[in-house]
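*Asks:* Residue 159 is where the sequence shown starts when you use this note's numbering, and the numbers rise one by one after that.
Using N, Cα and C, we set each Cβ at its ideal position, and we do this for glycine too.
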Amino acid sequence: PFEVTLARTGRTLQVPADDTLLNTLRRHGIARDSSCEQGWCGSCETTVVSGTPIHRDSILDADEHDDAGTMMICTSRATGTVVLDA
Ligand code: FES
């Protein structure tokens, strides 16, 4: 499990090991766009304010992730606390 803090509201949520970041946000009433939910379409791409994502999408490589400063929340996870622009 890890934590997500939502920069726009300051809310912090626990993301359980058996659920995705995207679903965790939805369970708490936070609507996010998605399509494939398998890490290849990019529609769930979300800006990372701080923290260390564990990228599991198949869209961007490591350098591109560093440049983009985003993560695909349908598949990617994080260590510790990740702060998202959401
Ligand atoms: Fe397609 Fe996340 S919904 S990459």
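Count the other CB atoms, across all protein chains shown, that sit within 10 Å of the CB of P174; report buried if there are 16 or more and exposed otherwise.
*Replies:* The residue you call residue 174 lines up with position 16 of the sequence shown. When all chains shown are included, P174 counts as exposed.
*Asks:* Kindly indicate which residue of L179, Q172, L171, A165 has the alpha-carbon position closest to the one of R214.
*Replies:* Counted from its first residue, the sequence shown places residue 214 at position 56. A check of alpha carbon separations from R214 across L179, Q172, L171, A165 identifies L179 as the nearest.
*Asks:* Can you find a heavy atom of the ligand FES that lies under 7 Å from the Cβ of D243?
*Replies:* In the sequence shown, residue 243 corresponds to position 85, counting from 1. It does not: the Cβ of D243 is nowhere closer than 7 Å to a heavy atom of the ligand FES.
*Asks:* Rounded to the nearest angstrom, how far is the Cβ of Q196 from that of T233, given a contact under 8 Å?
*Replies:* Residue 196 sits at position 38 when you count from the first residue of the sequence shown. Residue 233 sits at position 75 when you count from the first residue of the sequence shown. With a Cβ gap of about 7 Å, Q196 and T233 count as contacting.
*Asks:* Whole-angstrom Cβ separation of T237 and T210, contact assumed at under 8 Å?
*Replies:* Here residue 237 refers to the residue found at position 79 of the sequence shown. Here residue 210 refers to the residue found at position 52 of the sequence shown. That belief holds up - the Cβ atoms of T237 and T210 are roughly 5 Å apart, short of 8 Å.
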